[in-house]
Structure formats: C-alpha cells, structure tokens
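With full-length UniProt numbering, letter number 60 in the sequence shown gets 60, and the count goes up by one each step, no holes. Backbone N, C-alpha and C define an ideal beta-carbon position, used for all residues, glycine too. Here's the structure, in structure tokens; my notes come after.
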Amino acid sequence: MLTISKALNASQAGTYHTKDFASETQSYYAKDDALLGEWQGDLADRLGLSGAVSKADFMALANGQNPHTGEQMVKHRIASEQTNPDGSITKTVEHRAGWDATFSAPKSVSLTALVGGDERVRLAHREAVRAALSELERYTQARIGGNNPGEQTGRLIAAKFEHDTARPVDGYAAPQLHTHAVIFNVTEREDGSTRALQERAFFESQSYATAVYQSHLTYKLRELGYELERGRSGAPEVKGFSQEYLDASSPRSEKIREHLERNGFRGPEAAEIAAHATREKKQDLTKEQVLQAHREVAAEFGNQASRVVAEARQRSIEQGVPEPSPMRAQEAMTFARDHLFEREAVADERAIVTAALRRSMGEATFSEVRDEFSARREQGQFRTVSQRTYDSAQRFTTPETLAAERANIQQVRDGRHAFAPMMTEREAFAQANTRSFLNDSQRRVVHEVLTSTGRVHGLQGLAGSGKTASLETIREGAEAKGYKVEGFAPTSRAAAQLREAGIEANTLQSFLARKTETEPASRHLYMLDEASLASSKQMRDFLQKLSPEDRLLVIGDIRQHQGVEAGKPFEQMQQAGMQTSQLDQIMRQKDAELLMAVQHLATGETEKGVELLAQQGRVTEVKNGVDRITAIARDYAAQSENTIVVSPDNRSRQQINEAIRAELQSAGQLSPDGREFQTLAHRSDLTGAGRTWAALYNPGDVIRYESGSKVLGFDRDSEARVVGVDARTNSLTVQKQDGEQVSYDPKRLYGVNVFEERSRDFSLGERIQFTSGNRDLGIANRDLATITALEERSITVRMDGKSGREVTFDPTEFRQLDHGYAVTSHSSQGLTADRVIANIDTDSSRSLINDRLAYVAISRAAYDARIYTNDAGTLGERLATDVSKSAALDLSDVRQAVDSFRRDDPQSATMLLRDTNRIHVYSEREHRLAAVARDYVSKEDRVVIFAPDKTEREELTMLIRADLHEQGRFGETFSANILIDKLLSDKDAKIAANYEVGDVIRYGSKGSDELGVAPNTYGTVTSVDAEKNLITVTGADDSPRVYNPATEWQMRLNATLYSPEERELAEGERIQFTRSEEAHNIRVGNLATIAHIHEDGGVSVKVDSGASLQLTPEQAQHVEYGYAIESTKRLAVDRVILSGEAEQITAQREALSQLPAKLHELTVYTSDDYKPVPEPAVQKEFAVPAVAGIPTPDIDAPSIELEGYAIEL
C-alpha cells in the first residue's frame, strides 16, 4: 500500500536521507548499490538526473534549488516568528522540501522475497512501485497561489530508496519490503516555469496509486507461479502462510494497533502519530543478527516461506506464461461501474479504475483495465461531467444516471402550473386556520400547498419545525376536495411518523414494488417524506408511477443526511424550479440559547453554531479517546432519562454503549445478570455489485435469501452461513439451517442481504435499538425500546413513543437488535430527546465528521446538547466540512462561473457561460426583453433579473406582471402608495424649491422637540415657498409645521425625503425592500413574496432568507417590485438572469463579484449594435412564443462573447 507523510522541511529531509533513506541499517538483504537510491519522474529526466541519488543533489532539491546550477526553482522560506503591535504573533511556515511516499509490500510478499529468497519478487515490487509512481505523477499539479486551483503539469522529481526491514520492536527488526519515494516540492509548467506542488492532488490519488501498485505486483506474482488471496485489509496476500506467522512477523503493526486502542485514537493521522510514538531508538544490529532472527522465526513456523517459493517455482513451470485475458478487464470494469454508481452519481476516473483494479487483482494487467476504461468512454458508457474548480481528475457519470436525473427535472418543469389549485385562496386560508396552535410558518405552508398549481410541490422543513401538524392539516384539506392522501418514505420510521398525521403510509420501496394499479375514480395526493434520503432512480420510478390526475408533495430537509444510493433528487428538483414551501420556524428547542445555535447549524453557518455552543459551555475537550468515552458514559448515567448519545460511526457507538452499560451496572441502574444473544448486523459496506463478488464475503457471514431460489433450494427469507470462499472461481459455500452445504456463484443469485453475527448481552431495563423493521410486530428500523422482560427465547420491550406499547418477540427469530444508548447520526435523524450528548473525534474521516452530522445531532435536543471532542480548537472548522452527494447534472459549471466572477475573473466566467450556452444574443432590444420575461415566468421561484438600466427594469417588470396576471398566478390585488427615495444631497436638501407638494418626509430617531416632531414619524409636504425657502409639513396629527430646511439642520439631517408613487400589488407579488428594518434583520435590497394583504393596508410577506414577517402599513410603503433589480448584494436566490446591452454588462464587474456563492443558475441575455446585414426570419420550428403581446425575436444565437471580457463579438 501507499502512505504519504506530512510535508518534510529541508532539515528533516536531510536527516532522513542520512539516517534512514541511505542507511545500511534499513536494508540488510540489499546489494550495495541498492542503498544509493534511484531517480524517477519526467522532471528528473528534464533536469538530467539519473543513476544514484547523491546527498548534494538530494539536499539541493530539498531546498528548492536546481541541483546543477543552484538556481532557486521555488521560493525558499525560513520559519520565523514576528510579534505584532497588538501583541499577537505571526508565524511564517518553513519551506516544504517534499513528501515521503512509501510503498509497502504485503507481509506475505515480504516474507516470500526476503526470507524465502526469491529475488524475482523483489524485482516485481520495484516494477510495481515504478508503475504506481508514474500514475501518481500523471495527476501532479502546480500550486498557483491564492484561492486559485492547481494547474495540471504531470511532472515531478522523486528519489527512491528501497528498504527491507521494519523498525525494531524489542530488538527484532521484522522483514518488510518497502520503498521510500521522496517527492520533491517542485514541478514544471508548460511554459517552462517552475512552481511548488499542490499536495492535495497526491492525497486524492493515494488510493488509486495503491491499487496500481497492488494490481501490478499481483499480476507479476501470478506469472511467477504464486497463488494469492484477499487479506484482512483487502490487500493481496500470497497463499501458504499461516496467520500466526504473519502476525509474528508484524510486531510493529501490532504495537501501533495497541497504542491506538489504548488511547482511543483513530484515522490515518492518528496512526501516523502512533507510529512515531511507538518508535524504538535505533539499535546497532548486524546483518547476521537480523537475518539469523528471521531464520529462527521462520523455523518456529515450519519454514513456510521456503516451501511457498519452491511450490511457486514448480507451478510457474507447469502453468507457463498466462495468456492475456481482456474478458477479465471487461468484467472488472462492469463491476466498477455498478459498484460506484449505485451510491454516487459522479466518480472521478481514478475511483473507477481503482475499483476495477481491485476486482481484477492479478487477473488483468493495469494497461488492460485502463484500455477498457478508455474504450467505454468512447462508447459513451462513461460520460464526462463538468469539472469543479479544484478537481485534479476528470469526473464521469453514466447514461442511466443522466437519464434518471433528467426525467426528474422534466417532471418538475412539465408539471409547473399544470393543475388548478386544490383550494381557492380563501378556502386555503380558512383551512390553515382550523388549528389555532399552528404558527405563521405552518399556516403559510398549508396555504401554499393547497393553492399550488404544480403537479409536484416541495416542502423544505427544518428539523423540529412542526411538520406533522402541518401535514395533518394539509391532509384534511385535500381529502375535503376529493383527494385520496397516501404517504411514503424511504425509511419505515419516517413512514410511521406520517401515520401519526393520520396519513395512510408505507415505505417508498413497497410502493415501487407494487404492480401498477389504475383507479380512474380516485385522485391522489401522495406525500413523500424524508425525500433527501431517496435516490435519483427511486424518485424517477416513483414519479413515473403517478397517474395523470395525481399530485405529489415532496417533503424533506436538504441540510440533513442524504441517502445511501446515488443522487440528491430533492435538492436537484428545488434547483430545477420546483415550487417549494419553507417550514422554517423551529419549535423543538425549548432553550433559547440552544435554539440560536441550532438555527445557525440549520442554515449552514456551522462554525458560528459550534462557536455559540462553546460559549454556552456545551463543548468539553477530552483528548484521550478512552477517557472521553468514559466521561460520556458518566454524563449519560448521571441523567439518563430521555437522553441519547450520538456518535458518528458504529465502532465508537459500540464502545460508548459498552461503557454506559458498565457505568449503569456499577451504579445499580442496570441489572448485572444478563443473557447472551446472537444478533445480526447488516453489512452496509456491500453494494449490490459487491454482493456478487465472493471475495468480499467472510466465513461466518449470514446470508438471508429474501426472494429464495428453487434451483438452489433456498426458501424465501431463509438464512445460511458462509463456510467457504473461493475467490478464483467466484464461488461461495454456505451451510443451510438443516446442515446441508451448497456452493454457488453469487453473481447468479439476487435478492440477498448479508449480515455479520455478533454476541450481545442484554439485561432487564436495557435500552435497545432495532436495526431492521418488522411489519408483523409494528417495529420500524432504528426504533428504540426498553427491555421489560427477558427469557431465553422471549424478549418483551416497551417501545419509545407516546403509546409506550409493549412488544414480545423471539430473539432467535428476529435478531436485528443492538444496545440503544448511543446511536449513529444517521440513526438519530427523526428522533427527539430532552438531552443529547455528541461524541466528535476531529481526527475521524470527513465522511463522518461534517456539517450534516453537526446539524442532525444537535437538533435532536429539546433542552440541552453537549459535545465531547478531542480538539475544541478545530471542532468548528472540521464540522463545517460539506459532504453533499454529487449529481450528474449538478450545475457546477454555474458554480464555477460564479466563483470566477467573485474572484474578479470575468473572462473565465464568461467563457464558462458561453461554452454551456448560457449567454444569448438578440438583435432587437424588445425581442430580448420578451425572451427575458418569458424565461423569468418559466422559472419564477427564487429567481431575479439583474438589469443595470432603470428603464429596462421597468419594462421587464411590466412584461412579467402582465404575463403572471394572464396566467392567474396572482391573488387578491390592491392599490398602494409606495415611497421612492429622492436621494437629495445635503446641499440640495437645504433648498425649499427641491421639495414638491405631496412629498413625504420620514424624520429620524431624533425628531425635533422645538417643532413638536416625534422621532420616526412621517409628514407630508403641503406647501412650498421657494422665495422665502420655507416648507410646510403636515404630520399624522394634522398639525402643519413651517420651517426653513437650510436652518433647521437637525430636521434635515435626520430626515429622508420620498416621492410617493402608486403601485398595484397582489398576493404572490415579488417585492424588494427599499429601507432597512433592523428589528426584523431586513436590509435594503432583500427580496420577498407577498403572502397576504390585510384590510388595514399591512401585508404578510415571506422573505427569501426564510423569515415570515407582518409589515405595518407604514413599513409596507418601503417596498418596490422585486422582479428586476439594480444590485446583487444580499441576494438569497437560486437563479439570476442578467440582462443588458453588452457595454452595460461589461461595466458591472463589481456587481458581478457580489453574486451569491451558491447560485444554481445564471443566464445572460444581451444585444449588440452591429448589424452588417438584415436579420433572417426565424424558421417556424425554432420560433418562441410571444410574451405579453411582444413579437418573437428575430435571432437567438446560442452564445455571445462580450466585449471587455476578452471575448469576440
């Protein structure tokens, strides 16, 4: 395998060269020239580096210098500290010399090559290292600086040193064949300039290079006559060695493992620390001492290495040279495709080839696998997707994945405004008020769903926002209008929660398995809950089963955990324009401070949320893992009532469960007299493709045959235990419950589930969690319960929940249960507890420690939440990691364009938009405006037009409103006077002639005692005397006040002058705020939608940021239409349409740099003034419909290159 160290500085590199890399004490089997090292890499060749690695050349490169000329190729920094004026200290980072990439042979291979004395194996290792390092070089990137992505160069310099012993443990240096490849921190760009390396690409390629090394090595070993098998870690091992001999020859690995377990550490970084912590001091062992020790250990275990080598030599004579087997490469690539794209919509080329290499290990060459990948690319079986800014390899998806996502998006777009509302505005308003306890957010959601005109409507609900009551109210309203309401969810627990709302509900999977039934007399409103857990293919299949009259309410939270299978359809459908209601008023948290933290976590402000938890004293740092688990157990035992512990992975969850049980038993809260049961734990690491590969099964695994097999004699839902695995023939041997053994190829049998058998002690009073549902018992997967009675073949539990019902089952028949004090974050989704304790080890994988874990875990708590961590300082940063699933149609090209705009790089942004046909040119201005209006109306939800020209904004608003009116998408209308800021300078505000009768003045926070003007009040200008420079202002009390604006400076400076204008506003109208409201956290330019108009002139609005507000009549004066805007600041939208003349757009550099970072869609409409020839008429099949009576455009070219952005017109 390949391990890559942290960056070495120059002094460390020099020390390692002298004491490790070129030391005789590291290579007791090596010939003399092996200690001299070897150069590799394209840049090494370009610099003329070949042959042995000299200390001088090594150190020159370590210091970033050309070894021939001494020229500095990369900047060399010396670490230093500087005290700033404020007392803080700034530290500069020392020059990074490079990285130690170590390729280690599997233990059995080391024994074969060294103790067995087969020099051919050592040569195979060298060839494998060279091949893997070449592939690592392929993805080498140069560091460009700033926030810029790395630049692919494919050139590096590496110095390789081969060693054959591990560091000694108790005086024994075990045989261990490995090669240190020191990769120096320099690369060369196409223009010949040199730059430092971007290390990220190396670590992203680490698993890939490991697979290349192991594949090449294994193929060569098979050629040499060796038989191989899959080892405990998945690495290939030579057959013929006992596990006891392998363990005795790996004392250092065992010592590192013990150190990690003793201190409760995990992860590659912790393993590296443990490796350093367990190093013994250098010992002066002679070559004869080391080799004699190896011989003695070998003799103790029967000289297995010598026997294995002799058998291989004989086997190689008998088998001859293996024939090329392209069929193996094809099978491996098919496995890689099915395995990877089951759970992710997108995978980079390294992951695809890695999976194929591991499947074909030793049965196809690396080049055959790579060629097969290339062939399938050409055939279209792998489709490229847009590169993200920091990708170091090309990403791919499959045609099937693309088809599923496109189908979902098309269903959303085809269904927009395709149905009449279930209720009128007044009926829906009345229905939303049938439950007095509903809050504004809940009532608004009820109203929006019942008046929706879309076939598919979304409900984005934050954790703990009162979803059940809202759905119950919607159900009653839909049923009153003749709809049959039925609910589904990807989990049985979520389906059970739908039933709490009186909705007939089942799992999504059960609906998809149903035969299509037509009910011509029945219209359905289907509710799909926890939609974020559904895959793209499940969503496609669900939508395709709907009848023409059926409607769908898709419910979920895009910030909580996503499903296991590929895609993120709920989020993608929102991005595609699905009308989506926001249930955003959190009700679960009863503690105000905790609520504030959860609100930040729910909106993606993870670091701020964690900072608040720390300030509230809710974060405890315990560095040692064992001590941390003990502290969690004691905290739980001190207050166990309605408390859950959330831990990110099953291993730590199990450790915490054991610690809590011990603590409860010690405190007398749990009976020490328990019973031992054999339980089953689902092997979630196996994909569907994985279940067809025999090598992934372990002896002892339990297989459940959900569909049965007449041919093999398996009854439906019967079980069998794995007793044998033959990876070479892909055969499993299983033993049935009656003792009969059957062998078969798992590729030929589908509908199976695989489990590991585990022993668990259960006692009276024990908290348990079910790890599978049971329809007959009414148990949902991940339900929690407490044991109330315990017998050998009978367990009675009291289920959690309002009913507290008791359930009795046979634990030898229903075996999917575990201790339930601690649960994983995924298992906790949907739970509520008074108190939550979260275990967060920041050294864990980013797939475990991320923003979704933080939000889900902490939001379970109603009154208190506490985090125990190993590192409070980095907790917020680590939890802020985004691990969102990928989508084949992810709008990443838009994200890249926006990112380029925000980095003040409009040239790159415009090129991206042009290449993806997002820039459109029209020869006639009115045609362009018609197209912009049409585009807006087709999207409408969370979209805004940015138009620099005021006249254009007004015309676009007129067109859009006319079309929305025509389509009946506005509710009740009313006429309102809004206030337009006249924007007078202080100089002009002194002159009475600049005031007009009818103008409105808002006086600021000071008012005027002398004139009797109260703070924050309004007055109307009723007369102007320009000659005397006097104005008369009448306030709300009808009292006129006459004053000179030049002398009454306090009145002038604290006042704002407005011109009133009449506007027609309607329910459903898009508006923007023209005045900030500090109390409501509203800023000028924020966008909102009018939800309801009140008789007193006030309005209820839904702000795009999520808040629902009721504006007073005075506050309602400070709004304007929100369709076309002049500023991009503080936007909370998903889509932006940019409209204007070419020169207007190119002048908006600053505005474009303020576009929202997470924009999903950006389209540009522009025109040019150059008309060399009359425009041709548009062919009929390409004509677009007119918008609000405006004729269709003459020309709609697919793209335009904008002047000023280095783009040709």
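Next on the checklist: Alpha carbons only, please: which of Arg-232, Ala-880, Ile-837 and Met-73 is nearest the one belonging to Leu-197?
Outcome noted: For the residues Arg-232, Ala-880, Ile-837 and Met-73, the minimum Cα distance to Leu-197 belongs to Met-73.
Item to check | Spatial neighbours of Gln-1110 in its chain, beta-carbon cut-off 6 Å, leaving aside the 5 residues before and after | outcome: Only residues of its own chain outside the window of five on either side were considered, and among them Ser-1100 have a CB closer than 6 Å to the CB of Gln-1110, listed in chain order.
Checklist entry - What span of residues does the alpha helix (DSSP H) with Pro-569 cover, start to end? => result First-last of the alpha helix (DSSP H) with Pro-569: 569-575.
Item to check | Range covered by the beta strand (DSSP E) that runs through Gly-1140 | outcome: For Gly-1140, the enclosing beta strand (DSSP E) covers residues 1135-1141.
Checklist entry - Are Ala-211 and Ala-181 closer than 8 Å when you measure CB to CB? => result No; because the gap between Cβ atoms is not below 8 Å, this pair is not in contact.
Checklist entry - In three-state terms, what does DSSP make of Trp-693? => result In the structure shown, Trp-693 sits in coil (DSSP, three-state: anything other than H, G, I, E or B).
Item to check | Under the three-state DSSP convention, the category Pro-1015 falls into | outcome: Coil.
Item to check | Euclidean distance between Cα positions of Tyr-226 and Gly-724 | outcome: Distance between the alpha carbons of Tyr-226 and Gly-724 is about 21 Å.
Checklist entry - What are the start and end residues of each continuous alpha helix (DSSP H) run of 4 or more residues lying completely inside the stretch 1041-1074, in chain order? => result 1049-1053, all fully within the stretch 1041-1074.
Checklist entry - In or out: Leu-8 buried (at least 16 other Cβ within 10 Å) or exposed? => result Buried, by the Cβ-count rule.
Checklist entry - Exposed or buried, Val-1187, counting other C-beta atoms within 10 Å across all chains shown (16 or more means buried)? => result For Val-1187, the pLDDT reaches just 31, beneath the cut-off of 50, and the residue's location in the model is therefore unreliable, although a value from the coordinates is still provided. Val-1187 sits buried, since 16 or more C-beta atoms from the chains shown fall within 10 Å of its C-beta.
Checklist entry - Quick one: what's Glu-799 bridged to in DSSP? => result Before going further, note that residue 799 is Met rather than Glu in the sequence given. The partner list for Met-799 (beta bridge, DSSP) reads Ala-785.
Next on the checklist: Are the CB atoms of Ile-629 and Val-836 within a distance shorter than 8 Å?
Outcome noted: Contact flag unset, no.
Item to check | DSSP bridge partner residues for Thr-179 (one or two, in chain order) | outcome: Answer is Phe-103 and Glu-162, bridged to Thr-179.
Checklist entry - How close, in whole Å, do the beta carbons of Ala-785 and Val-797 come, if the pair is a contact with beta carbons under 8 Å? => result So it is a contact: roughly 4 Å between Cβ atoms.
Next on the checklist: Would you call the stretch 663-672 in contact with the stretch 691-703, where contact means no fewer than 3 C-beta pairs closer than 8 Å?
Outcome noted: Too few Cβ pairs lie closer than 8 Å, so no.
Checklist entry - Just checking my contact of Arg-359 with Phe-341 at CB under 8 Å: how many whole Å lie between their CB atoms? => result Here Arg-359 is actually not in contact with Phe-341; their C-beta atoms are around 14 Å apart, not less than 8 Å.
Next on the checklist: From the DSSP secondary-structure annotation, give me the bridge partner or partners of Phe-809.
Outcome noted: Answer is Ile-795.
Next on the checklist: If distances are taken between C-alpha atoms only, which option among Glu-1067, Asn-1054, Met-1051 and Thr-1074 comes closest to Pro-1060?
Outcome noted: Pro-1060 has its Cα closest to that of Thr-1074, out of Glu-1067, Asn-1054, Met-1051 and Thr-1074.
Checklist entry - Does DSSP classify Leu-36 as helix, strand or coil? => result DSSP places Leu-36 in helix when its eight states are reduced to three.
Checklist entry - Any heavy atom of the ligand MG closer than 7 Å to the CB of Val-610? => result Absent from the structure shown: the ligand MG. Ligands present: none.
Next on the checklist: Helix, strand or coil for His-17? Go by DSSP, reduced to three states.
Outcome noted: Reduced to three states, the DSSP call for His-17 is helix.
Item to check | Inter-residue Cα distance where the pair is Glu-119 and Asp-100 | outcome: Glu-119 and Asp-100 have their C-alpha atoms some 25 Å from each other.
Next on the checklist: My assumption, with CB atoms under 8 Å, is that residue 1211 sits in contact with Asp-701. Please give the rounded CB distance.
Outcome noted: Only positions 1 to 1209 of the chain appear in this structure, which leaves residue 1211 out of reach.
Checklist entry - In terms of alpha-carbon separation, which member of Ser-306, Val-1042 and Arg-815 lies closest to Ser-794? => result Taking only the C-alpha atoms, the option nearest Ser-794 is Arg-815.
Next on the checklist: Which runs of the beta strand (DSSP E) at least 3 residues long sit entirely within the stretch 449-485? Give them in chain order.
Outcome noted: Entirely contained in the stretch 449-485, the beta strand (DSSP E) runs reaching 3 residues are, in chain order, 456-461.
Checklist entry - Apart from the five residues on each side of it in sequence, which residues of its chain come closer than 6 Å, Cβ to Cβ, to Glu-400? => result So no residue of the chain qualifies.
Checklist entry - Just the Cα atoms here: how many angstroms apart are Ala-1 and Glu-71? => result The amino acid occupying residue 1 in the given sequence is Met; Ala does not appear at that position. Straight-line Cα distance between these residues: approximately 35 Å.
Checklist entry - Do the stretch 449-467 and the stretch 420-428 meet, that is, are 3 or more Cβ pairs less than 8 Å apart? => result Counting Cβ pairs under 8 Å, three or more are found: they touch.
Item to check | For Asp-371 and Glu-378, the rounded distance between their alpha carbons | outcome: Spanning the two alpha carbons is a distance of roughly 11 Å.
Checklist entry - Assuming Ala-356 contacts Met-333 under a Cβ cut-off of 8 Å, what Cβ separation, rounded to an integer in Å, is found between them? => result About 5 Å separates the two Cβ atoms, so the contact holds.
Item to check | Distance between Gly-234 and Pro-746 (C-alpha atoms, nearest Å) | outcome: If I take the Cα positions, the gap works out to 19 Å.
Item to check | Presumed contact (8 Å Cβ cut-off) between Ser-442 and Ala-407, rounded CB distance | outcome: The identity of residue 442 in the sequence shown is Gln, whereas the question assumes Ser. So it is not a contact: roughly 32 Å between Cβ atoms.
Checklist entry - When the Cα of Asn-185 is compared with those of Arg-77, Glu-311 and Ala-1157, which residue comes out closest? => result It is Arg-77 whose Cα lies nearest to the Cα of Asn-185.
Next on the checklist: Just verifying my parser: in three-state terms, what is the DSSP assignment at Leu-508?
Outcome noted: Judged by DSSP in its simplified three-state form, Leu-508 adopts helix.
Item to check | Segment contact, 8 Å Cβ cut-off, at least three pairs: the stretch 600-618 with the stretch 851-867 | outcome: The stretch 600-618 is in contact with the stretch 851-867.
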